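>
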Amino acid sequence: MLSDDEIALLEAIREAGSLSRAARRLGKAPSTISHAARQLEARFDALLFDRRRYRLQLTPAGQLLAQESARLAADVGRLTQRVKQISGGWEEQLWLVTDEIFEFELLLPSIRAFDALGSGVTLRVTHEVLGGTWEALADGRADLIVGATNEPPAIPGLRWFELGTMDWVFAVSPRHPLAKETSPLTQDVLAHHRAIVVADSSRRQRRGYGVVGGQPTLAVPSMRAKMRAQRDGLGVGWLPRDRILSLLKNGSLIEKTVANPREPNTLYVAWREEHEGRALAWWLDQFRDPRLAKRLIQGVDASATP
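Under the working numbering, read the sequence shown as residues 1130 to 1435, first letter to last.
1) Could you check what DSSP says for residue 1367 in three-state terms: helix, strand or coil?
2) Report yes if the C-beta distance between residue 1326 and residue 1346 is below 8 Å; otherwise report no.
3) What would DSSP say about residue 1322, mapped onto helix, strand or coil?
4) If you draw a straight line from the alpha carbon of residue 1171 to that of residue 1194, how long is it in whole angstroms?
5) When the Cα atoms are used, what is the spatial distance from residue 1222 to residue 1253?
6) Looking only at DSSP bridge pairs, what is residue 1224 linked to?
7) Is the CB-CB distance between residue 1256 and residue 1278 below 8 Å?
8) Would you decide whether residue 1305 is buried or exposed? Buried here means 16 or more other CB atoms lie within 10 Å of its CB.
9) Check for me: the beta strand (DSSP E) holding residue 1290 runs from which residue to which?
10) Return the first residue and the last residue of the beta strand (DSSP E) that residue 1219 is part of.
11) By how many angstroms is the C-alpha of residue 1285 removed from the C-alpha of residue 1365?
12) Quick check: residue 1287 and residue 1388, are their CB atoms within less than 8 Å of each other?
13) On the three-state DSSP scale, how would you describe residue 1178?
14) Does residue 1280 pass the burial test, meaning 16 or more other C-beta atoms within 10 Å, or should it be called exposed?
15) Keeping to the same chain, check which residues put their C-beta closer than 6 Å to that of residue 1298; ignore five residues upstream and five downstream.
16) Between the C-alpha atoms of residue 1187 and residue 1249, what's the straight-line distance to the nearest angstrom?
17) Go ahead and label residue 1302 buried or exposed: buried means 16 or more other beta carbons lie within 10 angstroms of its beta carbon, across all protein chains shown.
18) DSSP three-state call for residue 1245: helix, strand or coil?
19) DSSP three-state call for residue 1270: helix, strand or coil?
20) Straight-line CA distance for residue 1077 to residue 1344?
21) Name the residue from 1272, 1356, 1145 and 1414 whose alpha carbon lies nearest to the alpha carbon of residue 1401.
22) Which runs of the alpha helix (DSSP H) fall wholly inside the segment 1348-1422 and span at least 4 residues, in chain order?
23) Are the beta-carbon atoms belonging to residue 1292 and residue 1413 less than 8 Å from one another?
24) Cutting at 8 Å between CB atoms, please list the residues of its own chain near residue 1146, excluding the five before and the five after it.
25) For residue 1133, I'd like the list of residues in its chain whose CB is within less than 6 Å of its CB, leaving aside the five on either flank, ordered along the chain.
26) What is the rounded straight-line gap between the Cα of residue 1236 and the Cα of residue 1406?
27) Quick one: what's residue 1300 bridged to in DSSP?
28) Alpha carbon to alpha carbon, what distance is there between residue 1243 and residue 1231?
29) Return yes when the Cβ of residue 1376 is within less than 8 Å of the Cβ of residue 1357, no when it is not.
30) State the beta-bridge partners of residue 1275 as determined by DSSP.
31) Note the first and the last residue of the continuous alpha helix (DSSP H) segment covering residue 1159.
32) Please state if the CB of residue 1329 and the CB of residue 1260 are separated by a distance shorter than 8 Å.
33) Return helix, strand or coil for residue 1262, following the three-state DSSP convention.
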(Lines of atoms letter the chains of each structure in order from A and count residues from 1; the text may use other names and numbers.)
(Lines give C-alpha, C1' and ligand atoms only; values in the text may rest on other atoms or scores of the structure.)
Protein backbone atom coordinates (compact mmCIF):
# COMPACT_ATOMS: atom_id res chain seq x y z
CA MET A 1 0.00 0.00 0.00
CA LEU A 2 1.19 3.52 -0.78
CA SER A 3 1.80 6.27 1.73
CA ASP A 4 -0.30 9.44 1.70
CA ASP A 5 2.63 11.31 0.09
CA GLU A 6 2.92 8.74 -2.70
CA ILE A 7 -0.82 8.87 -3.40
CA ALA A 8 -0.62 12.67 -3.47
CA LEU A 9 2.29 12.40 -5.94
CA LEU A 10 0.30 10.21 -8.33
CA GLU A 11 -2.73 12.50 -8.10
CA ALA A 12 -0.64 15.63 -8.68
CA ILE A 13 1.00 14.17 -11.79
CA ARG A 14 -2.33 12.90 -13.12
CA GLU A 15 -3.99 16.29 -12.70
CA ALA A 16 -1.06 18.62 -13.52
CA GLY A 17 0.30 16.77 -16.53
CA SER A 18 3.86 17.97 -16.04
CA LEU A 19 6.70 17.48 -13.59
CA SER A 20 7.13 21.19 -12.84
CA ARG A 21 3.42 21.84 -12.25
CA ALA A 22 3.14 18.75 -10.04
CA ALA A 23 6.14 19.97 -8.05
CA ARG A 24 4.60 23.40 -7.55
CA ARG A 25 1.33 21.83 -6.47
CA LEU A 26 3.11 19.70 -3.87
CA GLY A 27 5.50 22.47 -2.82
CA LYS A 28 8.58 20.43 -3.68
CA ALA A 29 11.49 20.67 -6.09
CA PRO A 30 11.04 18.98 -9.51
CA SER A 31 14.13 16.84 -8.82
CA THR A 32 12.50 15.54 -5.63
CA ILE A 33 9.32 14.64 -7.53
CA SER A 34 11.32 12.96 -10.32
CA HIS A 35 13.28 10.90 -7.81
CA ALA A 36 10.11 9.83 -5.96
CA ALA A 37 8.48 8.80 -9.26
CA ARG A 38 11.47 6.62 -10.20
CA GLN A 39 11.48 5.03 -6.74
CA LEU A 40 7.83 4.08 -7.20
CA GLU A 41 8.55 2.45 -10.54
CA ALA A 42 11.47 0.53 -9.07
CA ARG A 43 9.39 -0.58 -6.14
CA PHE A 44 6.64 -2.02 -8.34
CA ASP A 45 9.01 -2.99 -11.22
CA ALA A 46 6.55 -1.37 -13.64
CA LEU A 47 6.38 1.65 -15.93
CA LEU A 48 4.00 4.00 -14.11
CA PHE A 49 4.72 7.30 -15.90
CA ASP A 50 4.62 8.06 -19.62
CA ARG A 51 7.51 10.43 -20.38
CA ARG A 52 7.42 10.18 -24.16
CA ARG A 53 5.34 13.31 -24.73
CA TYR A 54 5.61 16.89 -23.61
CA ARG A 55 3.07 16.05 -20.93
CA LEU A 56 3.93 13.70 -18.07
CA GLN A 57 1.08 11.22 -17.75
CA LEU A 58 0.25 8.08 -15.84
CA THR A 59 0.38 4.84 -17.79
CA PRO A 60 -2.57 2.44 -17.47
CA ALA A 61 -0.59 0.69 -14.71
CA GLY A 62 -0.05 4.04 -12.99
CA GLN A 63 -3.76 4.87 -13.27
CA LEU A 64 -4.65 1.54 -11.67
CA LEU A 65 -2.14 2.06 -8.87
CA ALA A 66 -3.45 5.56 -8.17
CA GLN A 67 -7.10 4.51 -8.14
CA GLU A 68 -6.67 1.37 -6.04
CA SER A 69 -4.31 3.04 -3.58
CA ALA A 70 -6.76 5.89 -3.03
CA ARG A 71 -9.57 3.38 -2.53
CA LEU A 72 -7.53 1.33 -0.05
CA ALA A 73 -6.53 4.47 1.84
CA ALA A 74 -10.19 5.48 2.14
CA ASP A 75 -11.06 1.97 3.34
CA VAL A 76 -8.33 2.12 5.97
CA GLY A 77 -9.59 5.52 7.07
CA ARG A 78 -13.13 4.20 7.45
CA LEU A 79 -11.85 1.12 9.30
CA THR A 80 -9.83 3.28 11.66
CA GLN A 81 -12.90 5.41 12.36
CA ARG A 82 -15.04 2.33 12.98
CA VAL A 83 -12.47 0.87 15.39
CA LYS A 84 -12.41 4.14 17.35
CA GLN A 85 -16.21 4.25 17.24
CA ILE A 86 -16.66 0.74 18.63
CA SER A 87 -13.91 1.13 21.24
CA GLY A 88 -15.66 4.31 22.38
CA GLY A 89 -18.85 2.40 23.14
CA TRP A 90 -20.79 3.37 20.02
CA GLU A 91 -22.52 0.67 17.98
CA GLU A 92 -21.75 0.22 14.29
CA GLN A 93 -25.48 0.38 13.51
CA LEU A 94 -28.69 0.98 15.44
CA TRP A 95 -31.87 -0.49 14.02
CA LEU A 96 -34.93 1.36 15.28
CA VAL A 97 -38.37 -0.15 14.53
CA THR A 98 -41.49 1.85 15.26
CA ASP A 99 -45.05 0.68 15.09
CA GLU A 100 -46.55 1.98 11.86
CA ILE A 101 -48.99 4.17 13.79
CA PHE A 102 -46.19 6.63 14.57
CA GLU A 103 -45.50 9.13 11.80
CA PHE A 104 -41.84 9.20 10.78
CA GLU A 105 -41.72 13.01 10.58
CA LEU A 106 -42.14 13.21 14.36
CA LEU A 107 -38.69 11.62 14.74
CA LEU A 108 -36.88 14.08 12.47
CA PRO A 109 -35.80 16.51 15.25
CA SER A 110 -34.34 13.62 17.24
CA ILE A 111 -32.54 12.26 14.18
CA ARG A 112 -30.98 15.67 13.54
CA ALA A 113 -29.87 15.85 17.19
CA PHE A 114 -28.38 12.35 16.92
CA ASP A 115 -26.50 13.29 13.74
CA ALA A 116 -25.01 16.27 15.59
CA LEU A 117 -23.26 13.86 17.97
CA GLY A 118 -20.95 12.76 15.16
CA SER A 119 -20.96 9.21 16.52
CA GLY A 120 -20.52 7.50 13.15
CA VAL A 121 -23.39 5.12 13.99
CA THR A 122 -25.49 4.13 10.99
CA LEU A 123 -29.13 4.68 11.89
CA ARG A 124 -31.78 2.47 10.30
CA VAL A 125 -35.47 3.27 10.86
CA THR A 126 -38.22 0.93 9.67
CA HIS A 127 -41.71 0.08 10.85
CA GLU A 128 -43.86 -2.92 11.61
CA VAL A 129 -47.53 -3.30 12.50
CA LEU A 130 -49.07 -4.73 15.69
CA GLY A 131 -47.52 -8.14 16.48
CA GLY A 132 -44.82 -7.58 13.88
CA THR A 133 -43.18 -4.97 16.13
CA TRP A 134 -42.51 -7.40 19.01
CA GLU A 135 -41.58 -10.08 16.48
CA ALA A 136 -38.90 -7.83 14.93
CA LEU A 137 -37.19 -7.54 18.32
CA ALA A 138 -37.44 -11.27 19.01
CA ASP A 139 -36.05 -12.17 15.57
CA GLY A 140 -33.12 -9.74 15.70
CA ARG A 141 -34.57 -7.38 13.10
CA ALA A 142 -34.54 -4.51 15.59
CA ASP A 143 -32.28 -3.18 18.33
CA LEU A 144 -35.02 -0.93 19.72
CA ILE A 145 -38.78 -0.96 19.18
CA VAL A 146 -41.17 1.90 19.87
CA GLY A 147 -44.96 1.78 20.09
CA ALA A 148 -45.41 -1.98 20.55
CA THR A 149 -48.86 -2.93 21.85
CA ASN A 150 -50.14 -5.65 24.18
CA GLU A 151 -48.22 -7.08 27.11
CA PRO A 152 -44.49 -7.67 26.52
CA PRO A 153 -43.94 -11.27 25.37
CA ALA A 154 -41.33 -13.70 26.68
CA ILE A 155 -38.14 -12.61 24.89
CA PRO A 156 -34.70 -13.47 26.36
CA GLY A 157 -33.05 -10.40 27.90
CA LEU A 158 -36.11 -8.22 27.26
CA ARG A 159 -36.19 -4.78 28.86
CA TRP A 160 -38.98 -2.26 28.41
CA PHE A 161 -40.88 0.74 29.72
CA GLU A 162 -44.28 2.26 28.97
CA LEU A 163 -44.35 5.11 26.45
CA GLY A 164 -47.97 6.05 27.16
CA THR A 165 -51.57 5.14 26.37
CA MET A 166 -53.63 5.73 23.24
CA ASP A 167 -57.38 6.37 23.28
CA TRP A 168 -59.66 5.10 20.52
CA VAL A 169 -62.89 6.25 18.87
CA PHE A 170 -65.30 4.12 16.86
CA ALA A 171 -65.86 6.35 13.85
CA VAL A 172 -67.93 6.20 10.67
CA SER A 173 -68.46 8.45 7.70
CA PRO A 174 -71.71 10.48 7.73
CA ARG A 175 -72.49 8.66 4.45
CA HIS A 176 -72.22 5.24 6.05
CA PRO A 177 -75.46 3.40 7.03
CA LEU A 178 -74.32 3.16 10.66
CA ALA A 179 -74.22 6.96 10.90
CA LYS A 180 -78.00 6.93 11.41
CA GLU A 181 -77.95 4.39 14.22
CA THR A 182 -78.92 5.91 17.56
CA SER A 183 -78.50 2.91 19.84
CA PRO A 184 -75.12 1.57 20.97
CA LEU A 185 -73.71 -0.62 18.21
CA THR A 186 -73.79 -4.28 19.15
CA GLN A 187 -71.66 -7.07 17.74
CA ASP A 188 -74.66 -8.38 15.78
CA VAL A 189 -75.07 -5.01 14.08
CA LEU A 190 -71.35 -4.58 13.39
CA ALA A 191 -71.07 -8.05 11.86
CA HIS A 192 -73.05 -6.81 8.84
CA HIS A 193 -70.68 -3.94 8.05
CA ARG A 194 -67.13 -4.11 6.73
CA ALA A 195 -64.33 -3.21 9.14
CA ILE A 196 -61.22 -1.37 8.00
CA VAL A 197 -58.11 -2.86 9.60
CA VAL A 198 -54.40 -2.18 9.38
CA ALA A 199 -52.74 -5.41 8.25
CA ASP A 200 -50.62 -7.04 10.98
CA SER A 201 -47.03 -7.47 9.73
CA SER A 202 -46.32 -10.47 11.97
CA ARG A 203 -44.80 -13.40 10.07
CA ARG A 204 -46.18 -15.96 12.51
CA GLN A 205 -49.47 -14.91 14.09
CA ARG A 206 -51.47 -12.19 12.39
CA ARG A 207 -54.20 -10.66 14.47
CA GLY A 208 -57.04 -8.20 13.90
CA TYR A 209 -58.19 -5.66 16.46
CA GLY A 210 -61.69 -4.31 16.90
CA VAL A 211 -63.22 -6.92 14.60
CA VAL A 212 -66.18 -9.11 15.59
CA GLY A 213 -66.57 -12.72 14.49
CA GLY A 214 -67.74 -13.09 10.92
CA GLN A 215 -67.31 -9.41 10.10
CA PRO A 216 -66.01 -8.68 6.58
CA THR A 217 -62.75 -6.70 6.51
CA LEU A 218 -60.65 -4.53 4.25
CA ALA A 219 -56.97 -4.69 5.22
CA VAL A 220 -55.01 -1.52 4.44
CA PRO A 221 -51.28 -0.77 4.75
CA SER A 222 -51.30 2.04 7.32
CA MET A 223 -53.30 3.96 9.90
CA ARG A 224 -53.40 6.93 7.54
CA ALA A 225 -54.95 4.70 4.89
CA LYS A 226 -57.45 3.41 7.47
CA MET A 227 -58.48 6.94 8.40
CA ARG A 228 -58.98 7.88 4.75
CA ALA A 229 -60.92 4.70 4.00
CA GLN A 230 -63.30 5.29 6.91
CA ARG A 231 -63.64 8.96 6.06
CA ASP A 232 -64.68 7.88 2.54
CA GLY A 233 -67.31 5.47 3.89
CA LEU A 234 -65.55 2.27 2.79
CA GLY A 235 -65.92 0.69 6.22
CA VAL A 236 -65.92 1.28 9.96
CA GLY A 237 -63.61 0.77 12.90
CA TRP A 238 -61.58 2.19 15.74
CA LEU A 239 -59.30 5.20 15.16
CA PRO A 240 -56.86 7.06 17.47
CA ARG A 241 -58.86 9.89 19.04
CA ASP A 242 -56.12 12.51 18.95
CA ARG A 243 -55.48 12.00 15.23
CA ILE A 244 -59.10 12.53 14.13
CA LEU A 245 -60.24 15.35 16.42
CA SER A 246 -60.51 17.78 13.51
CA LEU A 247 -62.46 15.25 11.39
CA LEU A 248 -64.90 14.73 14.25
CA LYS A 249 -65.21 18.47 14.71
CA ASN A 250 -65.93 19.24 11.04
CA GLY A 251 -68.25 16.24 10.60
CA SER A 252 -66.07 14.26 8.21
CA LEU A 253 -66.32 11.41 10.75
CA ILE A 254 -68.94 10.69 13.38
CA GLU A 255 -68.17 9.07 16.73
CA LYS A 256 -70.50 6.19 17.55
CA THR A 257 -71.19 4.50 20.87
CA VAL A 258 -70.38 0.79 20.88
CA ALA A 259 -71.86 -1.74 23.27
CA ASN A 260 -68.38 -3.21 23.86
CA PRO A 261 -66.01 -0.22 23.96
CA ARG A 262 -62.30 -0.58 23.28
CA GLU A 263 -59.94 0.01 26.18
CA PRO A 264 -56.99 2.40 25.71
CA ASN A 265 -53.81 0.73 24.46
CA THR A 266 -50.58 0.87 26.42
CA LEU A 267 -47.64 1.41 24.08
CA TYR A 268 -44.16 0.19 24.95
CA VAL A 269 -40.52 0.94 24.23
CA ALA A 270 -38.43 -2.24 24.38
CA TRP A 271 -34.94 -3.56 23.70
CA ARG A 272 -32.73 -6.53 24.56
CA GLU A 273 -30.07 -6.01 27.20
CA GLU A 274 -27.27 -7.59 25.15
CA HIS A 275 -27.66 -4.83 22.54
CA GLU A 276 -26.92 -1.95 24.90
CA GLY A 277 -24.52 0.75 23.67
CA ARG A 278 -24.18 4.51 23.65
CA ALA A 279 -26.50 5.04 20.67
CA LEU A 280 -29.21 2.87 22.21
CA ALA A 281 -28.84 4.67 25.55
CA TRP A 282 -29.17 8.03 23.80
CA TRP A 283 -32.39 7.02 22.04
CA LEU A 284 -33.84 5.54 25.22
CA ASP A 285 -33.34 8.92 26.86
CA GLN A 286 -35.18 10.51 23.95
CA PHE A 287 -38.21 8.26 24.34
CA ARG A 288 -38.24 8.77 28.11
CA ASP A 289 -38.74 12.49 27.46
CA PRO A 290 -42.46 13.13 28.18
CA ARG A 291 -42.60 15.78 25.44
CA LEU A 292 -41.53 13.41 22.67
CA ALA A 293 -43.70 10.61 24.08
CA LYS A 294 -46.72 12.96 24.02
CA ARG A 295 -46.04 14.03 20.42
CA LEU A 296 -45.77 10.41 19.29
CA ILE A 297 -48.99 9.39 21.06
CA GLN A 298 -50.96 12.36 19.75
CA GLY A 299 -49.51 12.01 16.28
CA VAL A 300 -50.30 14.09 13.22
CA ASP A 301 -53.88 15.29 12.88
CA ALA A 302 -55.68 13.59 9.98
CA SER A 303 -56.60 16.97 8.48
CA ALA A 304 -52.89 17.50 7.75
CA THR A 305 -52.79 14.45 5.46
CA PRO A 306 -54.29 14.40 1.95
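Where is the CB? At the ideal position from N, CA and C, for every residue including glycine.
Here the structure is a predicted model, which is why all the values come from computation and not from measurement.
For this structure:
1) Translated into positions along the sequence shown, residue 1367 becomes position 238. Strand at residue 1367.
2) Position 197 of the sequence shown, counted from the start, is the residue given in the question as residue 1326. Position 217 of the sequence shown, counted from the start, is the residue given in the question as residue 1346. Taking C-beta atoms as the reference points, residue 1326 and residue 1346 count as a pair closer than 8 Å.
3) Here the question's residue 1322 lines up with position 193 in the sequence shown. In the structure shown, residue 1322 falls within a coil segment according to DSSP collapsed to helix, strand and coil.
4) Counted from its first residue, the sequence shown places residue 1171 at position 42. Counted from its first residue, the sequence shown places residue 1194 at position 65. Going from the Cα of residue 1171 to the Cα of residue 1194 covers about 14 Å.
5) Here residue 1222 corresponds to residue number 93 of the sequence shown, with the count starting at 1. Here residue 1253 corresponds to residue number 124 of the sequence shown, with the count starting at 1. Our two residues, residue 1222 and residue 1253, have alpha carbons roughly 7 Å apart in a direct line.
6) Residue 1224 sits at position 95 when you count from the first residue of the sequence shown. Its beta-bridge partners are 1253.
7) In the sequence shown, residue 1256 corresponds to position 127, counting from 1. In the sequence shown, residue 1278 corresponds to position 149, counting from 1. Not in contact: residue 1256 and residue 1278 (Cβ atoms no closer than 8 Å).
8) Here the question's residue 1305 lines up with position 176 in the sequence shown. Result: buried.
9) To locate residue 1290, count along the sequence shown from 1; it is residue 161. Its beta strand (DSSP E) spans residues 1287-1295.
10) Here residue 1219 refers to the residue found at position 90 when the sequence shown is read from its first residue. Taken as a continuous stretch (DSSP letters only), residue 1219 belongs to no beta strand (DSSP E), as it is neither H nor E.
11) Position 236 of the sequence shown holds residue 1365. Position 156 of the sequence shown holds residue 1285. One C-alpha to the other measures close to 38 Å.
12) Taking the first residue of the sequence shown as 1, we reach residue 1287 at position 158. Taking the first residue of the sequence shown as 1, we reach residue 1388 at position 259. In this structure, residue 1388 does not lie closer than 8 Å to residue 1287 by Cβ.
13) The residue given as residue 1178 occupies position 49 in the sequence shown. Shown here, residue 1178 sits in a strand according to DSSP, grouped into three states.
14) On the sequence shown, residue 1280 is found 151 positions in, with the first residue counted as 1. Exposed: under 16 other Cβ atoms inside 10 Å.
15) To locate residue 1298, count along the sequence shown from 1; it is residue 169. Same-chain partners within the cutoff: 1368, 1370 and 1384.
16) The residue labelled residue 1187 in the question sits at position 58 within the sequence shown. The residue labelled residue 1249 in the question sits at position 120 within the sequence shown. Distance between the alpha carbons of residue 1187 and residue 1249: 36 Å.
17) As a first step, residue 1302 is located in the sequence shown; it is residue number 173 there, counting from the start. Burial state of residue 1302 is buried, judged by a 10 Å Cβ sphere holding 16 or more other Cβ atoms.
18) Walking along the sequence shown from the start, residue 1245 turns up at place 116. Note: residue 1245 maps to coil in three-state DSSP.
19) The residue you call residue 1270 lines up with position 141 of the sequence shown. Residue 1270 falls in the coil class under three-state DSSP.
20) Missing from the structure shown is residue 1077; the chain here goes from 1130 to 1435 and no further.
21) The sequence position of residue 1401 within the sequence shown is 272, counting from 1. Closest option to residue 1401, judged by alpha-carbon separation, among 1272, 1356, 1145 and 1414: 1272.
22) DSSP runs (the alpha helix (DSSP H)) wholly in the segment 1348-1422: 1352-1360, 1374-1378 and 1407-1417.
23) Within the sequence shown, the letter at position 163 stands for residue 1292. Within the sequence shown, the letter at position 284 stands for residue 1413. If you check the CB distance, residue 1292 and residue 1413 do not come in under 8 Å.
24) For the purposes of this step, residue 1146 is taken as residue 17 along the sequence shown, with counting starting at 1. The answer, listed in chain order, is 1184, 1185 and 1186.
25) For the purposes of this step, residue 1133 is identified with residue 4 of the sequence shown, where counting begins at 1. For residue 1133, where only same-chain residues beyond five positions count, there are no Cβ hits under 6 Å.
26) Here residue 1236 corresponds to residue number 107 of the sequence shown, with the count starting at 1. Here residue 1406 corresponds to residue number 277 of the sequence shown, with the count starting at 1. Rounded to whole angstroms, the separation of the alpha carbons of residue 1406 and residue 1236 is 20 Å.
27) What you label residue 1300 is simply residue 171 of the sequence shown in a count that begins at 1. Residue pairing by DSSP places residue 1300 opposite 1366 and 1384 in a beta bridge.
28) For the purposes of this step, residue 1231 is taken as the residue at position 102 of the sequence shown. For the purposes of this step, residue 1243 is taken as the residue at position 114 of the sequence shown. Each residue's alpha carbon lies about 19 Å from the other.
29) Counting from one through the sequence shown, the residue named residue 1357 turns up at place 228. Counting from one through the sequence shown, the residue named residue 1376 turns up at place 247. No, the Cβ-Cβ distance between residue 1357 and residue 1376 is not below 8 Å.
30) Residue 1275 sits at position 146 when you count from the first residue of the sequence shown. Beta-bridge pairing links residue 1275 to 1227 and 1398.
31) Counting from one through the sequence shown, the residue named residue 1159 turns up at place 30. Its alpha helix (DSSP H) spans residues 1159-1173.
32) Within the sequence shown, the letter at position 131 stands for residue 1260. Within the sequence shown, the letter at position 200 stands for residue 1329. Yes.
33) In the sequence shown, counting from the first residue as 1, residue 1262 sits at position 133. Looking at residue 1262 - three-state DSSP - the assignment turns out to be helix.
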